[in-house]
Structures are given as structure tokens and as C-alpha cells.
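Working notes, structure below.
Chains as they are written, first to last, in our numbering: chain G, 1 to 429; chain C, 430 to 858.
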């Protein structure tokens, strides 16, 4: 197809008629498709259906060291699970705290502790710092942004590049002592699926920050979530705890991970990883907040996933389900949009999302049209702080949950709406 | 035995010799007994061993309404579990929020929300109120006290009576606008096992408070934990949400409960109950903190406990295990201490604890002696704010975990140490 920008008004007008005809056809189909949230599909979840089967016979409800998981105890988690997450995150078991199912909850609580009590190297609790700021690589994860917004941070957007956040800008921004931290999804970022380069990680680990208590929140949600075995293999992003320590900033990073997209979403396990000094302080407060996390769930996971190899095997099976869905998404985008020059996107090799940039000024309209045709997408703007995409361009897809044929239809609908919105916009101009 | 206070120095001296001989005998036994924490016993926990057995066949992992519990969703909990907790707490399902396993965690988070953001009827976040205070019925639960201490409240002790906290004093203290709330364990208080009278509840519900955003934290941890079917039957303490509303203070109370002493300790379910306005505000923030709680665990519990009757049946079986342990504890106390006039105690009809007041000035010494003889008790003072029992008198027993014969020995050791400490104290005088 010809680039839209090079079309005459007449060409655009007749394209509009053609697209509106298609629109009416889809409208008549009464579709009901949902690409909003990164929910695992039922066949992915079913792989864990026997998570608890025979747990009593297999374990007597006891850890390898003989601790009864049905009772209170082991506040930092089962040694088996600490070791597992240590392998996943390429660190030591002592650096791991195992919580309940939600890593988001652990991020919120970690930031809340900093706000209420301060970090170990803070002069005062962050709640007492007026005008505190937080760096938000964009497009990014709306739930991250909402946590820092709720806790009173000014959210500073930093554009993502193909190697991670724009590091020249980050290094400049962190000179401000009010900038206290930064969100990161280093592997298969939400929503673009970008993997941070080693150089990006190193610059983050060693950069000089105005705040001596600056923190990286390192949400390694998709660290083992590869679609292709030959791409971005485990370990391609460095162990950030080690890297920060190497550059003399050992306190700088909190890592997070979960099994929400490995076992059960919302009913799996989550962990935090940090160095000893941060851990000691965190555990002191967490020990007041609760007695322990759900250890029966940890025990069941330790049987299902005795080591990193078991995780890798499971993730290959997930990839077999997800890969065709991602490839279908990308194929339809190419088939329908190549040459129009109105959209661009990054083609992820893992994670849970695809993010498309439509013609600036048309994202909201595109999402609204999709909704009208029965295709639910994440609200336009959601991938930006305060839900405000200044270019009104970015739209996130979550192709994990729907069936393949539904994804085909949903992305067809999306491309139609993106094109029609673009044509309308260009005709207005 | 003769009252110690009436003994002559000579009598005390020869009693001391006798007790020290016994002490040496116990010392030689190399005991290793633990009465510190309210841990359910293995045979109690075993009643829930099949919690997850056949869950897939029974439910297909779906709620009655068809929601897949393996995926994200239902942020306030399964309707089945909300209904169950509503029956337990004698309120409506809409008033229930189901969390993960720890009610302590929910109390901490609820208070943290008040501190960080304020209650719906607050002028400002509680962190901004210098000299904020919290009422602590004493003896009480050390983990409660530590939560409010950590969040910067001055802890104000209020003595417990046989009908609950000293209400004359409470009504006086709450006139202070800096007093923002109060801990309560209304049914089988930790550690005395006292049940609040209806009058106490009514006075708490209707009292005039200086702070318009005053909150009762109503930890109904033992609401169904009866040792005797004919005592303190369900409903003996009024529905506090209804009572507060009746007296025009609908926002006043947050209730909490859990299945930690019904199913698995630390791996069960916990809930918060409050009125609609408090709930709406809480859910808004909790929805930023996490996506949902562990629903697979909720689903398993809904199968095991379809209604309050199932809970009551289970609690009868627990009582069959716990009752002899409590009765053994009380019997040894009577056998060994009656007439000495150095100790007194309340005889609980439920809950998880027995609390003994030894001769003032001897609790620490008694606990240290017990430790020397291999019997671990909760540290003396732990039942008071800041771990400071001004009379050095209260000691908490948790007779749930050890076997009956061990409890016999442990309480024998305790009474010996209490007597020897008292004799030493009286000889010093």
C-alpha cells in the first residue's frame, strides 16, 4: 500500500469509503474480543493444574530440612524457593525474600517502606521530601506508574530506545537530588518487549545520582519468558545486584520477579532480591507486618519446579502456545500496514505484549473505534505517566489470552481502525 | 499451701531449699519444651491436609459463577469466601475484603493507609499528626503493639478487666484528639482469653471521641475458637459494624479475621470487614497495591468450608484437641499454686492462650528460670506496650502446640519457677 502521507485528498477519500465499508462489515459481526490485559491463556494455566496433587504424599508438608509448611515460620521463605528464584535472577539465595503471589504488592510495599521510614542511606523518610520524583521509561507499565503516583511522586517520562531507556537523558535527570528512583522492566519490557543492553545496565549501575539513596526498581517479570530459544537466552541481561555492587552502588537496586506467568496468575509466588543491608532493613519491617508468607504454596511450587531447568522446560511449553499468537499479531500488522507508513512497532522475542505506535493524534480514536467493533484494548495513554501519551500514538496489545483465530480478527480490526483514524486525521489536516 | 506472704523467713527459707532441690531435678532432665507462640498442633493442621486434593475435579478451578481462579481477577475475593467470612463475622458479604493468609498484614496495611493517606474522615494523613496515640488493652498481643509502635504511635496501655478494657478509662482517654484508635481482641483476648461484654462493645461503639477519624481495630482472631460448646457461642459478641452504625459511628471499626487457626497457620485466608465508605477507599488503594489475592487458595477453602456450619464442625474437632491441653494447664496451676496467693489468672473458654500474673517483680525472673530449665515462654513484658510490664507480673502461655504430657511438665516447671522467684523476692524484702 502507498504511504498515506503521500496520498492525495481524493485517494484518501476513496480509501476512507473502502475502510468504512469494512468497518460496517466488522460491526455486523458483533465481536467480543479482549486484548487488554496480560492474562495467561487457559492452556498455559492448565500446565499447573496438578500443582498441589499428592503434595502430602510427596512431602508430608515438610521442607527438605523438615520444617512444617502448614504452620508459622520461615519468614523469608522456603530455602528451596529462595534457591530457585536465585537461579532465575542469577544471584544468591541469601539475597532473596519470598512473598505471596504478587510482585506488584512487593514493589508497592518496598516503596511504601522507603516513603514511611526511609531507605538505609536516606536522611529522612521519602514522604518528607516535597517534590519527590521518579523516572518512568515510556511507554511503560501503567500499574508501575500508578504506584509511584499514589505515593506522591512526580512521574518523569524517559523515552525507551531499542536498547532500553534513553541513558543520556537518564544520566542528566538523576543529577536532581529529588529524583529518588526509576522503574525498569529490563527483559522484554512492558509493552515494547525491549531488552536492555549490557551498556544500558552498566550505565544504570554506575551513574552518579544526586540522591544518595536513589533506587532502581528492577521488575524482572519476564526474565525467563522467551519466545525463541535462540534469542535473549537466560543471562543476557547482567545480574544487576552484582553490577551495582561492582560500581560501588550496592544498595541501588531492588529486583522483583514472580511466577504469575509461569504457574498461576495471582496465585503463584513472588520475590524481592536485594543486597544484605537493604534486606536486613526490609525484613525487620516485614517481620512486623506479617509472620510469614504462604508456605504451602511455596512447597507445592518447589515440587513442581525443583530447579531452573524445570522452569526452562515449562517456559518452552508456554512459548509453544504464545509464539504463534505473537507471530500472528506481527504478521497481520505487516500484511495490513506495510507501506502505509503510519505505524511502527518493535517485534518482541519474549514477554507478554506487543506495542504499536499509530499515527500521532490517532491512538485514542483507534482504541475507541476498536471498542465500537467489540475489540477491547488497553486504554490509549495507559502506557504513559498519568495516562497521558503526549503524542497520542502508543497502543498496547496483550495477545496471550485470546485464541489464535480471535487474535487474527482482533488485530485485523485494530489495523482497520488505525488506518481509518489516520485517514480521517489526514483529511482533517 | 500456705499463702507465701504469711510465711516467716524461716518457712520461706526451708521452702526455698525444697524448691531448689526440685529445680535441680528438672535441670537434670534437659527439657526442651516450647510454649512461646500460638502455633496449632500437627494433629490440628492435619485436619486440612486434603485442602487441595481433587480441587481440579471438584471445581475445574472455577468459582460457582464460573470465574477461573488460576488467572487474575476478583480483586476483593471469591464471592463464596466473602459470604463465609460474612457468616463468621455476622455481617454482609459486601462488607468483606478477602486478602492473603495474614490478618496481621491486613491490619498493618490498613493502618499504613491511614498513616500515609488518611482515613476518609481525616483532615490529613496520620503520619502528619505529631504525637499520635493508640490505645492498647493490656495485657495484649505483642504483634499488635509493634505495628503501632513502628508506625510512630505513642502506645497508651489500658488495663483489661473481666468484661474487656477498662471502659471508664477508655472513654476518658479518647477525648484526646491525638488518640486515633485502639486495638481490640473482643473474643478470647490474647493473652487472657477474656470476652468483651455487650456493654463494653456498646460503649466502644457509641463513645464520643476527640478525633473524628478515630478507629477501632477489631481483631476477631478467635471468634469461632470455642473450647466448650455451651460457652460463648457464636454471636455472643455483637456485630460491631452494625453496632457502630447504630450509634452513628459507621466508619469507626475495621474488623479482621483469619483461618490461621482453622486451616493452615500462615497459609490460610484472612479478611478485613468494614462499612461501604471505608471499603471503597481501601479497595481503591489496594487495587494499586496488587491485582488480586491468591484465589486458588480461596477456592480450596470454599470447598472445604462451604458455610459456617462446616467451620463450626471443624472448630469442635479442634476443641477436642485443645480442651485437654487448656484443662491440663489450669489443673497444674491450681494444684501447684492454690493457696500460695502469689499468682492469679483468668480461665479462658476459648482462644489460644492462658495468661498468668505472678508475684509482681518476678515475671522476668520466672521466665529466665523456665528458660534455664528448657521451657521457652513468651518473654516477660511482651504482653505490654514497648515490652514493658510495669509490674513485671504477666506471663503468657501458649498451650496449643506441645503434647499433653509436655504441657504438664512445662506448667509444672513454670509453677516451680514462679514459686521460687516469689520466695527469693520475699526473702529479699
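Glycine included, C-beta positions come from ideal geometry on N, C-alpha and C.
Asked	Found
Can you give me the start and stop residues for the beta strand (DSSP E) that residue 610 (chain C) sits inside?	608-613
Helix, strand or coil for residue 523 (chain C), going by three-state DSSP, please let me know.	helix
State yes or no: is the C-beta of residue 537 (chain C) within less than 8 angstroms of the C-beta of residue 700 (chain C)?	no
How far does the alpha helix (DSSP H) with residue 413 (chain G) in it extend, from its first residue to its last?	404-428
Return the first residue and the last residue of the beta strand (DSSP E) that residue 216 (chain G) is part of.	215-219
Taking the beta strand (DSSP E) that residue 589 (chain C) falls in, what are its first and last residues?	583-590
Tell me, which residues are paired with residue 702 (chain C) by DSSP?	C:525, C:684
What residues from chain C crowd round residue 68 (chain G), counting only those whose CB sits closer than 8 angstroms?	471, 474
Helix, strand or coil, according to DSSP, for residue 469 (chain C) in the structure here?	coil
Taking the C-alpha atoms as reference points, what is the distance between residue 766 (chain C) and residue 760 (chain C)?	10 angstroms
Could you have a look at residue 379 (chain G) and say whether DSSP puts it in helix, strand or coil?	coil
Which residue wins for smallest C-alpha separation from residue 84 (chain G), given the options G:385, G:292, G:320, G:300?	G:300
Tell me, which residues are paired with residue 135 (chain G) by DSSP?	G:156, G:182
Are the CB atoms of residue 645 (chain C) and residue 611 (chain C) nearer to each other than 8 angstroms?	yes
Residue ranges of each beta strand (DSSP E) run of no fewer than 3 residues wholly in the stretch 744-809 of chain C, ordered along the chain?	783-786
Closest to residue 190 (chain G) by C-alpha separation, out of G:229, G:417, G:79, G:394, would be which residue?	G:394
For residue 437 (chain G), would you say it is in contact with chain C, using Cβ-to-Cβ distances shorter than 8 angstroms as the test?	Missing from the structure shown is residue 437 (chain G); chain G here goes from 1 to 429 and no further.
So residue 458 (chain C) contacts chain G; which residues on that side make the cut at Cβ distance below 7 angstroms?	Correct list: empty, because the minimum Cβ distance to chain G is about 24 angstroms.
With a cut-off of 8 angstroms, do at least 3 Cβ pairs link the stretch 834-848 of chain C to the stretch 751-760 of chain C?	yes
Using the Cα positions of residue 422 (chain G) and residue 22 (chain G), report the straight-line distance between them to the nearest angstrom.	15 angstroms
Among C:557, C:726, C:724, C:681, which residue has its Cα nearest to the Cα of residue 647 (chain C)?	C:681
Thinking C-beta only, is residue 133 (chain G) closer than 8 angstroms to residue 180 (chain G)?	yes
For residue 463 (chain C) versus residue 266 (chain G), is the C-beta spacing smaller than 8 angstroms?	no
Put residue 124 (chain G) into one of helix, strand or coil per three-state DSSP.	coil
Run through the DSSP bridge pairs and tell me what residue 825 (chain C) is partnered with.	C:784
Given a cut-off of 8 angstroms on the beta-carbon distance, is the pair residue 188 (chain G) and residue 351 (chain G) in contact?	yes
Which same chain residues end up closer than 8 angstroms to residue 856 (chain C) when comparing Cβ atoms and leaving out the 5 residues on each side of it in sequence?	438, 441, 442, 445
Measuring straight from C-alpha to C-alpha, what distance separates residue 211 (chain G) and residue 248 (chain G)?	15 angstroms
When DSSP labels each residue in this structure, what does residue 461 (chain C) get in the three-state scheme?	coil
Should residue 783 (chain C) and residue 828 (chain C) be called a contact, given that it needs their Cβ atoms to be closer than 8 angstroms?	yes
Ends of the alpha helix (DSSP H) at residue 486 (chain C)?	484-488
Since residue 725 (chain C) meets chain G, which of its residues come closer than 7 angstroms, beta carbon to beta carbon?	264, 267
Report the residues of the stretch 500-518 of chain C with a CB closer than 8 angstroms to any CB of chain G, ordered along the chain.	500, 501, 502
Quick one: is residue 112 (chain G) near chain C, going by C-beta distance under 8 angstroms?	yes
Along the chain, where does the alpha helix (DSSP H) that runs through residue 79 (chain G) open and close?	79-89
Note down, in chain order, every chain G residue with its Cβ under 7 angstroms from the Cβ of residue 841 (chain C).	The premise fails here: residue 841 (chain C) is roughly 25 angstroms from chain G at the closest Cβ pair, so nothing lies under 7 angstroms.
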